[in-house]
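Trainee: In our numbering, the protein residues as written are 4 to 386. Glycine is no exception: its CB is placed at the ideal position from the N, C-alpha and C atoms. I have a structure here, written as structure tokens, and I will follow up with some questions on it.
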Ligand SMILES: [Zn+2]
């Protein structure tokens, strides 16, 4: 059984609690149908649009009076009913689950001609929509049962993994401030921008919660990760400690209980960002809150842990100083409360004089970024 994190959200949302633990394979990114509609295009063309959570991989099968759009790795979802415009070639639309795929069957008034490649589009998500497979077609003759396959290997480019980078603090919230006056919000923004550029070069789809010096609430940051359907969320920070000799990086994942006293203090400090503009966990959308208490969260925690361990290894290999104690710690960090696996990276201590200097330097920022990029490349997104 393959169940996506998002699908699980639906399952848990209706109160079906699945006891036990799914094997990690169960959480491989599975697509989902979000909406379907038809419309009339200039030239009397019929347009069919299916909106999906992830990039769709499809096959078209032309029947006598049907056009079947087969979406691989996608469950049928009969709660999604197609909006049918009048004056199109489509009479009715139904869904059938065939193995791992869904067959979306367009019942036609007349047979359609094979759709030329330039009339088949996959649109990237934008503000209001997820991925959309768009087909424009006209009546005509096609040998029944001929198929147009867009396997992942041919027309659809390989799925690009989506990383959301969160530069901590910003705007009226400076984060911690080094003795030399270095503000956390500036250092982490610089690192985040470099990271965005490197990840884009490496072929990832990257979004930032903030790309300028502005302030966002912690839940807003987490919700950007949700909305972008991120595969990984990284919150970039720098630390401070009352003891100026404390230095080194540490990586945090979300847990309800802090792994140690230091982790709790860090969570208090980082969560305090929201006290500037108070917003508690209540403000999270209901779906996210449901997920937090669900089995899904278990899977997210597991994936986050795996990422964090890999990231710590990459930092160690790059010779970046680690804070004394465990490299990966756990704390109830508000910014990590989402259904997206992720971690909060404390790149080093601004309260330490030498490290403040390092964190400010472009070359050290490049070193941090290179290590993070390595850890993302090594992360098993499909697990
Ligand atoms: Zn911070």
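For residue 51, name the three-state secondary structure that DSSP assigns.
Mentor: Here residue 51 is taken as the residue at index 48 of the chain shown, counted from 1. Here residue 51 sits in strand by DSSP.
Trainee: Buried or exposed: which applies to residue 129, given that a residue is buried once 16 or more other Cβ atoms fall within 10 Å of its Cβ?
Mentor: By 1-based counting over the chain shown, the position of residue 129 is 126. Exposed, since its Cβ has fewer than 16 Cβ neighbours within 10 Å.
Trainee: Residues in the same chain with beta-carbon distance under 8 Å from residue 202, minus the five sequence neighbours each way, listed in chain order, please.
Mentor: Walking along the chain shown from the start, residue 202 turns up at place 199. Contacts found: 166, 168, 209, 376, 379.
Trainee: Let me know the alpha helix (DSSP H) ranges lying completely inside the region 38 to 104, each 4 residues or longer, listed in chain order.
Mentor: With a minimum length of 4 residues, no continuous alpha helix (DSSP H) run stays inside the region 38 to 104.
Trainee: Short check: CB of residue 150 to CB of residue 116, under 8 Å?
Mentor: Residue mapping note: residue 150 aligns to position 147 of the chain shown, counting from 1. Residue mapping note: residue 116 aligns to position 113 of the chain shown, counting from 1. The answer is no: Cβ separation not under 8 Å.
Trainee: Rounded C-beta distance between residue 56 and residue 37? I'm assuming under 8 Å.
Mentor: Position 53 of the chain shown holds residue 56. Position 34 of the chain shown holds residue 37. So it is a contact: roughly 6 Å between Cβ atoms.
Trainee: Where residue 364 and residue 164 are concerned, what is the direct C-alpha to C-alpha distance, given to the nearest angstrom?
Mentor: The residue labelled residue 364 in the question sits at position 361 within the chain shown. The residue labelled residue 164 in the question sits at position 161 within the chain shown. Each residue's Cα considered, the two are about 29 Å apart.
Trainee: Relative to the alpha-carbon of residue 140, which residue among 114, 231, 126 has its alpha-carbon at the smallest distance?
Mentor: The residue given as residue 140 occupies position 137 in the chain shown. With distances taken between Cα atoms, residue 140 lies closest to 114.
Trainee: What does DSSP give as the partner residues of residue 135 in its beta bridges?
Mentor: For the purposes of this step, residue 135 is taken as residue 132 along the chain shown, with counting starting at 1. Residue 135 is bridged to 54, 126.
Trainee: Give the straight-line distance between the Cα atoms of residue 98 and residue 70, rounded to the nearest whole angstrom.
Mentor: Position 95 of the chain shown, counting from 1, holds the residue named residue 98. Position 67 of the chain shown, counting from 1, holds the residue named residue 70. If I take the Cα positions, the gap works out to 12 Å.
Trainee: Am I right that residue 304 and residue 353 are in contact with their C-beta atoms under 8 Å? What's the rounded C-beta distance?
Mentor: Position 301 of the chain shown, counted from the first residue, corresponds to residue 304. Position 350 of the chain shown, counted from the first residue, corresponds to residue 353. Not a contact, Cβ separation roughly 29 Å.
Trainee: Using a Cβ-based criterion (distance less than 7 Å to any ligand heavy atom), does residue 345 qualify as near ligand 1?
Mentor: Numbered from its first residue, the chain shown carries residue 345 at position 342. The answer is no for residue 345.
Trainee: Roughly how many angstroms lie between the CA atoms of residue 347 and residue 340, to the nearest whole one?
Mentor: Within the chain shown, the letter at position 344 stands for residue 347. Within the chain shown, the letter at position 337 stands for residue 340. The straight-line gap from Cα to Cα measures roughly 11 Å.
Trainee: Taking the alpha helix (DSSP H) that residue 199 falls in, what are its first and last residues?
Mentor: Taking the first residue of the chain shown as position 1, residue 199 is located at position 196. That run of the alpha helix (DSSP H) goes 187 to 204.
Trainee: Among 207, 179, 64, 204, whose alpha-carbon lies nearest the alpha-carbon of residue 138?
Mentor: For the purposes of this step, residue 138 is identified with residue 135 of the chain shown, where counting begins at 1. That would be 64, whose Cα lies nearest to the Cα of residue 138.
Trainee: Entirely within the region 198 to 266 and at least 3 residues each: give me those beta strand (DSSP E) ranges in chain order.
Mentor: With a minimum length of 3 residues, the continuous beta strand (DSSP E) runs that stay inside the region 198 to 266 are 208 to 211, 235 to 242, 253 to 257.
Trainee: Are the beta-carbon atoms belonging to residue 233 and residue 338 less than 8 Å from one another?
Mentor: If you number the chain shown from 1, residue 233 lands on position 230. If you number the chain shown from 1, residue 338 lands on position 335. No; because the gap between Cβ atoms is not below 8 Å, this pair is not in contact.
Trainee: I need the DSSP call for residue 106, collapsed to helix, strand or coil.
Mentor: Working through the chain shown from its first residue, we reach residue 106 at position 103. Looking at residue 106 - three-state DSSP - the assignment turns out to be strand.
Trainee: How big is the Cα-Cα spacing for residue 220 and residue 125?
Mentor: Translated into the one-based positions of the chain shown, residue 220 becomes position 217. Translated into the one-based positions of the chain shown, residue 125 becomes position 122. Looking at the two C-alpha atoms, the distance is approximately 33 Å.
Trainee: For residue 293, is the classification buried or exposed, using 16 other Cβ atoms within 10 angstroms of its Cβ as the cut-off for buried?
Mentor: Counted from its first residue, the chain shown places residue 293 at position 290. Unreliable placement is indicated for residue 293, whose pLDDT of 49 sits below 50; the coordinate value is still reported in the next sentence. Burial call: buried.
Trainee: In terms of residues, what are the limits of the alpha helix (DSSP H) holding residue 376?
Mentor: Residue numbering aside, residue 376 sits at position 373 when the chain shown is read from its first letter. Its alpha helix (DSSP H) spans residues 365 to 381.
Trainee: Residue 328: beta carbon under 7 Å from a heavy atom of ligand 1?
Mentor: Numbered from its first residue, the chain shown carries residue 328 at position 325. Not so, every heavy atom of ligand 1 lies at least 7 Å from the Cβ.
Trainee: Cβ of residue 187 versus every heavy atom of ligand 1: is any distance shorter than 7 Å?
Mentor: Position 184 of the chain shown, counting from 1, holds the residue named residue 187. Flag set: Cβ of residue 187 near ligand 1.
Trainee: So what does DSSP say about residue 384, is it helix, strand or coil?
Mentor: Here residue 384 refers to the residue found at position 381 of the chain shown. Correct three-state label for residue 384: coil.
Trainee: Taking C-alpha atoms, which residue in 96, 240, 118, 78 lies nearest to residue 111?
Mentor: On the chain shown, residue 111 is found 108 positions in, with the first residue counted as 1. It is 96 whose Cα lies nearest to the Cα of residue 111.
Trainee: In angstroms, rounded to a whole number, what distance separates the CA positions of residue 247 and residue 357?
Mentor: Counted from its first residue, the chain shown places residue 247 at position 244. Counted from its first residue, the chain shown places residue 357 at position 354. Distance between the alpha carbons of residue 247 and residue 357 is about 10 Å.
Trainee: If we count the other Cβ atoms within 10 Å of its Cβ and call it buried at 16 or more, is residue 215 buried or exposed?
Mentor: Residue mapping note: residue 215 aligns to position 212 of the chain shown, counting from 1. That one is exposed.
Trainee: At which residues does the beta strand (DSSP E) containing residue 321 begin and terminate?
Mentor: Counted from its first residue, the chain shown places residue 321 at position 318. Looking at the DSSP string, residue 321 is not in any beta strand (DSSP E), and its letter there is neither H nor E.
Trainee: In the DSSP assignment, find the beta strand (DSSP E) that holds residue 350 and state where it starts and stops.
Mentor: If you number the chain shown from 1, residue 350 lands on position 347. Unbroken beta strand (DSSP E) run through residue 350: 345 to 352.
Trainee: Heavy atom of ligand 1 less than 7 Å from the Cβ of residue 130, yes or no?
Mentor: The count along the chain shown starts at 1 and reaches residue 130 at position 127. Incorrect: residue 130 has no Cβ contact closer than 7 Å to ligand 1.
Trainee: According to DSSP, what are the bridge partners of residue 325?
Mentor: Working through the chain shown from its first residue, we reach residue 325 at position 322. Paired residue(s): 252.
Trainee: Taking the Cβ atom as the reference point for each residue, do residue 250 and residue 324 lie within a distance shorter than 8 Å?
Mentor: By one-based count along the chain shown, residue 250 stands at place 247. By one-based count along the chain shown, residue 324 stands at place 321. Yes, Cβ-Cβ distance for residue 250 and residue 324 is below 8 Å.
Trainee: For the candidate residues 359, 174, 223, 41, whose alpha-carbon lies nearest to that of residue 87?
Mentor: To locate residue 87, count along the chain shown from 1; it is residue 84. Among 359, 174, 223, 41, the Cα nearest to that of residue 87 belongs to 41.
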